[in-house]
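Written out below as C-alpha coordinates is the structure these notes cover.
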Amino acid sequence: MVQPDTFVVHPYHPDLLRRPEPPMATMLRDIPRQALAWNLFRTLEQVAPPVWLRLLVASLMGFPEGGVGAPQTVRVSCWAALPHPPTASLRRGRRGTVDVDVLIETEVCVVALATPSLEELASPLLMDTPAGSLLDLAEATGWHAGRRRAYVGVVIPPEADPVRWRSRVLRRASLVSRLVRANAGGDTNVAGVGVTSWPAQLEMLRTLAETEALPAGERRLAADTAAWMDRMVVRLARRRWGQDTRPSLSRDRLLVAGGQAR
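Residue numbers (the numbering used here): 507 to 768.
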(Lines of atoms letter the chains of each structure in order from A and count residues from 1; the text may use other names and numbers.)
(Lines give C-alpha, C1' and ligand atoms only; values in the text may rest on other atoms or scores of the structure.)
Protein backbone atom coordinates (compact mmCIF):
# COMPACT_ATOMS: atom_id res chain seq x y z
CA MET A 1 0.00 0.00 0.00
CA VAL A 2 1.31 3.47 -0.92
CA GLN A 3 1.61 5.81 2.01
CA PRO A 4 -0.47 8.98 1.48
CA ASP A 5 2.55 11.27 1.78
CA THR A 6 4.83 9.42 -0.67
CA PHE A 7 3.65 11.35 -3.73
CA VAL A 8 3.65 14.71 -2.02
CA VAL A 9 3.56 17.19 -4.93
CA HIS A 10 0.16 17.43 -6.63
CA PRO A 11 -1.09 14.27 -4.91
CA TYR A 12 -4.49 14.52 -6.64
CA HIS A 13 -3.16 14.83 -10.19
CA PRO A 14 -4.93 12.42 -12.60
CA ASP A 15 -1.60 11.07 -13.89
CA LEU A 16 -1.33 9.11 -10.64
CA LEU A 17 -4.11 6.87 -11.94
CA ARG A 18 -1.63 5.63 -14.58
CA ARG A 19 1.07 4.73 -12.07
CA PRO A 20 2.24 1.15 -12.68
CA GLU A 21 1.60 -1.04 -9.65
CA PRO A 22 4.89 -2.77 -8.81
CA PRO A 23 5.02 -6.43 -7.80
CA MET A 24 5.04 -7.19 -4.10
CA ALA A 25 8.61 -8.51 -4.21
CA THR A 26 10.06 -5.16 -5.37
CA MET A 27 7.48 -2.74 -3.96
CA LEU A 28 9.75 -1.24 -1.28
CA ARG A 29 12.27 -0.37 -3.98
CA ASP A 30 9.99 0.56 -6.88
CA ILE A 31 7.54 2.87 -5.12
CA PRO A 32 10.29 5.20 -3.80
CA ARG A 33 11.78 5.32 -7.32
CA GLN A 34 8.37 6.25 -8.74
CA ALA A 35 8.01 8.88 -6.03
CA LEU A 36 11.40 10.37 -6.95
CA ALA A 37 10.27 10.85 -10.54
CA TRP A 38 6.85 12.18 -9.57
CA ASN A 39 7.92 14.69 -6.93
CA LEU A 40 10.92 15.93 -8.92
CA PHE A 41 9.17 16.59 -12.21
CA ARG A 42 5.91 17.81 -10.71
CA THR A 43 8.06 20.36 -8.88
CA LEU A 44 9.94 21.33 -12.04
CA GLU A 45 6.63 21.79 -13.87
CA GLN A 46 5.99 24.75 -11.55
CA VAL A 47 9.38 26.39 -12.16
CA ALA A 48 10.33 28.63 -15.11
CA PRO A 49 11.06 26.14 -17.93
CA PRO A 50 13.92 28.00 -19.67
CA VAL A 51 16.01 27.66 -16.51
CA TRP A 52 15.62 24.00 -15.55
CA LEU A 53 15.23 22.52 -19.04
CA ARG A 54 18.71 23.70 -19.96
CA LEU A 55 20.09 22.14 -16.80
CA LEU A 56 18.21 18.88 -17.40
CA VAL A 57 19.38 18.48 -21.00
CA ALA A 58 22.91 19.44 -19.98
CA SER A 59 22.89 16.70 -17.34
CA LEU A 60 21.82 14.21 -20.02
CA MET A 61 24.16 15.05 -22.88
CA GLY A 62 26.11 18.23 -22.24
CA PHE A 63 25.10 21.27 -24.27
CA PRO A 64 23.80 20.00 -27.63
CA GLU A 65 23.83 22.17 -30.72
CA GLY A 66 20.68 24.26 -30.88
CA GLY A 67 19.88 23.80 -27.19
CA VAL A 68 16.32 23.81 -25.85
CA GLY A 69 15.44 27.37 -26.82
CA ALA A 70 13.47 29.59 -24.48
CA PRO A 71 10.10 27.89 -23.94
CA GLN A 72 7.34 29.83 -22.22
CA THR A 73 5.10 26.88 -21.35
CA VAL A 74 5.69 23.33 -20.15
CA ARG A 75 3.59 20.24 -19.57
CA VAL A 76 4.80 17.17 -17.69
CA SER A 77 3.11 13.78 -18.11
CA CYS A 78 4.07 10.77 -16.03
CA TRP A 79 3.66 7.16 -17.19
CA ALA A 80 2.46 8.17 -20.64
CA ALA A 81 2.20 6.01 -23.76
CA LEU A 82 3.41 7.07 -27.22
CA PRO A 83 2.54 5.37 -30.51
CA HIS A 84 5.24 3.76 -32.59
CA PRO A 85 6.08 5.67 -35.78
CA PRO A 86 4.90 4.03 -39.02
CA THR A 87 8.50 3.23 -39.99
CA ALA A 88 8.99 1.14 -36.83
CA SER A 89 5.77 -0.73 -37.53
CA LEU A 90 6.85 -1.50 -41.08
CA ARG A 91 10.52 -2.21 -40.41
CA ARG A 92 10.37 -4.08 -37.08
CA GLY A 93 6.72 -5.04 -36.81
CA ARG A 94 6.11 -2.85 -33.78
CA ARG A 95 2.50 -2.52 -32.63
CA GLY A 96 0.78 -0.73 -29.80
CA THR A 97 2.55 1.95 -27.78
CA VAL A 98 5.82 2.72 -26.02
CA ASP A 99 5.73 3.45 -22.27
CA VAL A 100 7.36 6.72 -21.20
CA ASP A 101 7.99 7.30 -17.50
CA VAL A 102 8.29 11.10 -17.81
CA LEU A 103 7.31 13.15 -20.87
CA ILE A 104 8.16 16.86 -20.86
CA GLU A 105 6.66 18.98 -23.62
CA THR A 106 7.17 22.62 -24.54
CA GLU A 107 6.39 24.56 -27.68
CA VAL A 108 9.95 24.08 -28.94
CA CYS A 109 11.15 20.70 -27.64
CA VAL A 110 10.14 17.37 -26.12
CA VAL A 111 12.11 15.40 -23.52
CA ALA A 112 11.29 11.75 -22.81
CA LEU A 113 12.85 10.03 -19.81
CA ALA A 114 13.02 6.42 -18.74
CA THR A 115 13.35 5.93 -14.97
CA PRO A 116 13.79 2.15 -14.88
CA SER A 117 14.50 -0.34 -12.15
CA LEU A 118 17.77 -2.22 -12.47
CA GLU A 119 15.98 -5.18 -14.05
CA GLU A 120 14.17 -2.94 -16.55
CA LEU A 121 17.42 -1.19 -17.39
CA ALA A 122 19.14 -4.45 -18.29
CA SER A 123 16.13 -5.72 -20.25
CA PRO A 124 14.35 -4.47 -22.23
CA LEU A 125 15.78 -0.93 -22.23
CA LEU A 126 19.36 -1.74 -23.25
CA MET A 127 18.55 -4.77 -25.40
CA ASP A 128 18.47 -4.82 -29.18
CA THR A 129 15.16 -6.42 -30.03
CA PRO A 130 12.60 -6.49 -27.17
CA ALA A 131 9.68 -4.10 -27.28
CA GLY A 132 10.28 -1.18 -24.96
CA SER A 133 13.95 -0.78 -25.88
CA LEU A 134 15.79 2.54 -25.90
CA LEU A 135 15.53 2.56 -29.70
CA ASP A 136 11.74 2.25 -29.46
CA LEU A 137 11.64 5.13 -27.00
CA ALA A 138 13.82 7.37 -29.18
CA GLU A 139 11.82 6.72 -32.35
CA ALA A 140 8.45 7.17 -30.64
CA THR A 141 9.59 10.43 -29.03
CA GLY A 142 10.83 11.81 -32.32
CA TRP A 143 7.54 10.91 -34.02
CA HIS A 144 5.49 12.47 -31.21
CA ALA A 145 7.59 15.65 -31.23
CA GLY A 146 6.79 16.39 -34.87
CA ARG A 147 8.82 19.45 -35.87
CA ARG A 148 10.03 20.07 -32.35
CA ARG A 149 13.48 18.95 -31.19
CA ALA A 150 13.42 15.70 -29.22
CA TYR A 151 15.72 14.56 -26.43
CA VAL A 152 15.71 11.13 -24.83
CA GLY A 153 17.33 10.16 -21.54
CA VAL A 154 17.75 7.37 -19.03
CA VAL A 155 17.92 8.01 -15.29
CA ILE A 156 20.13 5.36 -13.70
CA PRO A 157 18.19 3.63 -10.89
CA PRO A 158 19.32 4.30 -7.32
CA GLU A 159 20.20 0.65 -6.73
CA ALA A 160 22.56 0.49 -9.73
CA ASP A 161 26.33 0.98 -9.61
CA PRO A 162 26.55 4.47 -11.19
CA VAL A 163 29.97 4.08 -12.81
CA ARG A 164 29.35 0.68 -14.36
CA TRP A 165 25.86 1.38 -15.62
CA ARG A 166 26.53 4.90 -16.86
CA SER A 167 29.16 3.58 -19.26
CA ARG A 168 26.82 0.82 -20.46
CA VAL A 169 23.96 3.24 -21.06
CA LEU A 170 26.23 5.71 -22.86
CA ARG A 171 27.43 3.00 -25.25
CA ARG A 172 23.87 1.98 -26.02
CA ALA A 173 22.74 5.62 -26.32
CA SER A 174 25.47 6.32 -28.86
CA LEU A 175 24.39 3.32 -30.94
CA VAL A 176 20.72 4.29 -30.73
CA SER A 177 21.51 7.84 -31.86
CA ARG A 178 23.31 6.48 -34.93
CA LEU A 179 20.48 4.03 -35.70
CA VAL A 180 17.80 6.72 -35.45
CA ARG A 181 19.77 9.00 -37.76
CA ALA A 182 20.47 6.21 -40.24
CA ASN A 183 16.86 5.03 -40.27
CA ALA A 184 15.73 8.61 -40.96
CA GLY A 185 18.17 9.03 -43.83
CA GLY A 186 20.33 11.41 -41.81
CA ASP A 187 17.50 13.89 -41.16
CA THR A 188 15.97 13.46 -37.70
CA ASN A 189 14.59 15.72 -35.00
CA VAL A 190 16.04 13.47 -32.26
CA ALA A 191 18.81 15.77 -31.09
CA GLY A 192 20.37 13.40 -28.58
CA VAL A 193 20.11 10.34 -26.35
CA GLY A 194 21.80 10.57 -22.96
CA VAL A 195 21.99 9.44 -19.37
CA THR A 196 21.77 11.06 -15.96
CA SER A 197 21.29 10.03 -12.32
CA TRP A 198 19.10 10.90 -9.36
CA PRO A 199 21.98 12.59 -7.49
CA ALA A 200 22.52 14.80 -10.56
CA GLN A 201 18.85 15.78 -10.51
CA LEU A 202 19.11 16.53 -6.81
CA GLU A 203 21.99 18.91 -7.54
CA MET A 204 19.87 20.59 -10.21
CA LEU A 205 17.12 21.23 -7.64
CA ARG A 206 19.66 22.71 -5.24
CA THR A 207 20.91 24.97 -8.02
CA LEU A 208 17.37 26.14 -8.73
CA ALA A 209 16.80 26.81 -5.03
CA GLU A 210 19.77 29.22 -5.10
CA THR A 211 18.94 30.91 -8.44
CA GLU A 212 18.03 34.46 -7.53
CA ALA A 213 16.47 35.10 -10.94
CA LEU A 214 13.61 32.77 -9.98
CA PRO A 215 10.65 33.98 -7.88
CA ALA A 216 10.93 33.26 -4.17
CA GLY A 217 8.03 30.76 -4.25
CA GLU A 218 9.69 28.69 -6.97
CA ARG A 219 13.01 28.69 -5.12
CA ARG A 220 11.28 27.58 -1.90
CA LEU A 221 9.46 24.79 -3.73
CA ALA A 222 12.74 23.57 -5.24
CA ALA A 223 14.42 23.69 -1.83
CA ASP A 224 11.62 21.73 -0.13
CA THR A 225 11.65 19.02 -2.78
CA ALA A 226 15.45 18.86 -2.66
CA ALA A 227 15.31 18.26 1.10
CA TRP A 228 12.82 15.41 0.63
CA MET A 229 14.77 13.99 -2.29
CA ASP A 230 18.08 14.12 -0.44
CA ARG A 231 16.76 11.84 2.29
CA MET A 232 15.26 9.44 -0.24
CA VAL A 233 18.38 9.20 -2.43
CA VAL A 234 20.65 8.62 0.58
CA ARG A 235 18.35 5.93 1.97
CA LEU A 236 18.13 4.11 -1.36
CA ALA A 237 21.91 4.26 -1.79
CA ARG A 238 22.34 2.67 1.63
CA ARG A 239 19.94 -0.08 0.68
CA ARG A 240 22.10 -0.80 -2.38
CA TRP A 241 25.01 -1.62 -0.10
CA GLY A 242 22.86 -3.50 2.41
CA GLN A 243 23.31 -0.85 5.10
CA ASP A 244 19.61 -0.14 5.59
CA THR A 245 16.87 -2.73 5.37
CA ARG A 246 14.08 -0.56 6.70
CA PRO A 247 11.15 0.30 4.39
CA SER A 248 11.98 3.20 2.08
CA LEU A 249 8.55 4.85 2.33
CA SER A 250 9.24 7.95 4.38
CA ARG A 251 6.69 9.70 6.57
CA ASP A 252 8.02 13.12 5.60
CA ARG A 253 5.30 15.69 5.15
CA LEU A 254 7.04 18.50 3.34
CA LEU A 255 4.89 19.54 0.42
CA VAL A 256 1.35 19.87 -0.76
CA ALA A 257 0.03 20.67 -4.21
CA GLY A 258 1.19 24.11 -5.23
CA GLY A 259 4.41 23.92 -3.26
CA GLN A 260 3.33 25.09 0.19
CA ALA A 261 5.39 23.71 3.06
CA ARG A 262 3.53 21.96 5.85
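No residue lacks a Cβ here, since even glycine has one placed at the ideal position from N, Cα and C.
Given the structure is predicted, the values throughout are model-derived calculations rather than measurements.
Considering only 536, 591, 741, 651, the residue with the shortest C-alpha distance to residue 627 is 536. Within the model, the alpha-carbon separation for residue 612 versus residue 576 is close to 9 Å. Secondary structure remark: continuous beta strand (DSSP E) runs of at least 3 residues inside the segment 604–642, in chain order: 615–620.
Annotated as distal: residue 669 and residue 704, with beta-carbon spacing of 8 Å or more.
In the three-state reduction of the DSSP assignment, residue 574 falls in the coil class. Counting along the chain, the unbroken beta strand (DSSP E) around residue 581 starts and ends at 581–589. For residue 535, the enclosing alpha helix (DSSP H) stretches over residues 533–550.
Under the Cβ criterion (8 Å, minimum of three pairs), the segment 578–588 does not count as touching the segment 714–722. For the pair residue 559 and residue 574, the Cα-to-Cα distance works out to about 7 Å. Ranking 592, 663, 621, 701 by CA distance to the CA of residue 649 puts 592 first. Taking the Cβ atoms as the reference, residue 549 lies roughly 6 Å from residue 727, within the contact range of under 8 Å. Assigned with DSSP and collapsed to three states, residue 723 falls in helix. In the displayed model, residue 675 falls within a helix according to three-state DSSP. The beta carbon of residue 563 lies closer than 6 Å to those of 574, 657 in the same chain, with the five residues before and after it left out. The three-state secondary structure of residue 512, taken from DSSP, is coil. Within a 10 Å sphere around the beta-carbon of residue 513 sit 16 or more other beta-carbons, which makes this residue buried.
The alpha-carbon separation between residue 617 and residue 609 amounts to approximately 6 Å. Residue nearest to residue 561 within the set 706, 633, 642 is 706 (criterion: CA-CA distance). Its Cα nearest to that of residue 675, the residue 566 stands out among 566, 689, 540.
Beyond the five residues adjoining it in sequence on each side, residue 528 comes within less than 7 Å, by CB distance, of 536, 537 in the same chain, given in chain order. In this structure, the beta-carbon distance from residue 701 to residue 659 falls below 8 Å. Rounded to whole angstroms, residue 521 and residue 603 show a C-alpha spacing of 17 Å.
For residue 695 against residue 744, the beta-carbon gap comes to about 41 Å, at or over 8 Å, which does not count as contact.
Pairing residue 735 with residue 542 gives a Cβ-Cβ distance under 8 Å.
Distance from the Cα of residue 622 is smallest, within the candidate group 515, 647, 661, 651, for 661.
About 7 Å separates the beta carbon of residue 642 from that of residue 590, a gap short enough to meet the 8 Å contact definition. Per DSSP, residue 697 is one residue of the beta strand (DSSP E) stretching across 696–703.
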